[in-house]
Amino acid sequence: MRNPEHLDTIRRLNDAARSRPGTASIANVTIGFQSLTDADRFAALAQIVSFTQFDGNNDPYGEHDFGAIYRLATGGWTQQRPSDEKAIAATVFWKVDYYDNTLTYGSDAPWDEQRTKRVLTIMLASEY
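Start counting the sequence shown at 1; every next residue gets the next number (UniProt numbering).
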């Protein structure tokens with residue numbers, strides 16, 4: 001278990017990694033996500049950078065390192081999972097991972113921005 005100061009720092013750095021992909025993190029998208037239309041990719045990315053739907057299911061450790069967004073059958077995108085599964089046309093996952101500065105190993109200090117690189121991966125749930 002991380003101490004509260006470390007957890008607060010990890011959460012802040014992960015929020016920055018998600019909200020500023022390519023700047024505060026290395027952004028990585030899968031071929032499935034890339035195959036979405038431009039409009040869907042931009043709409044999905046807008047939901048990811050503004051994501052606030054953290055709860056015990058997707059954020060059990062309070063690190064803000066994972067989330068899911070949903071393309072509705074009507075064409076819109078949302079952060080809230082619809083109760084009717086038939087309303088979901090696609091699910092996109094995003095995940096922040098922590099690596100050492102060489103991107104070879106997992107970081108042993110994800111709260112230390114000098115020793116950790118963050119990688120934001122965006123993928124279709126079907127690719128998981």
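Glycine residues also receive a C-beta, built at the ideal position from the N, C-alpha and C atoms.
Keep in mind it's a predicted model, so treat the numbers as computed, not measured.
Proximity to residue i [Cα-Cα], best of the options
i, options, result
"residue 11", "127, 111, 105", "111"
"residue 2", "62, 58, 40", "62"
"residue 80", "58, 95, 124", "58"
"residue 96", "41, 67, 45", "67"
"residue 101", "25, 19, 16", "25"
"residue 69", "75, 90, 60, 84", "90"
"residue 17", "36, 107, 49, 34", "49"
Helix, strand or coil at residue i [DSSP, three-state]
i, result
"residue 83", "coil"
"residue 39", "helix"
"residue 50", "coil"
"residue 107", "coil"
"residue 21", "strand"
"residue 27", "strand"
"residue 12", "helix"
"residue 67", "strand"
"residue 73", "coil"
Inter-residue Cα distance where the pair is residue i and residue j
i, j, result
"residue 47", "residue 65", "15 angstroms"
"residue 128", "residue 5", "32 angstroms"
"residue 7", "residue 77", "30 angstroms"
"residue 93", "residue 122", "6 angstroms"
"residue 9", "residue 55", "18 angstroms"
"residue 44", "residue 52", "14 angstroms"
"residue 99", "residue 21", "16 angstroms"
"residue 88", "residue 114", "40 angstroms"
Classification of residue i by the beta-carbon crowding that lies within 10 angstroms, buried from 16 upward
i, result
"residue 14", "buried"
"residue 82", "exposed"
"residue 105", "exposed"
"residue 42", "exposed"
"residue 103", "exposed"
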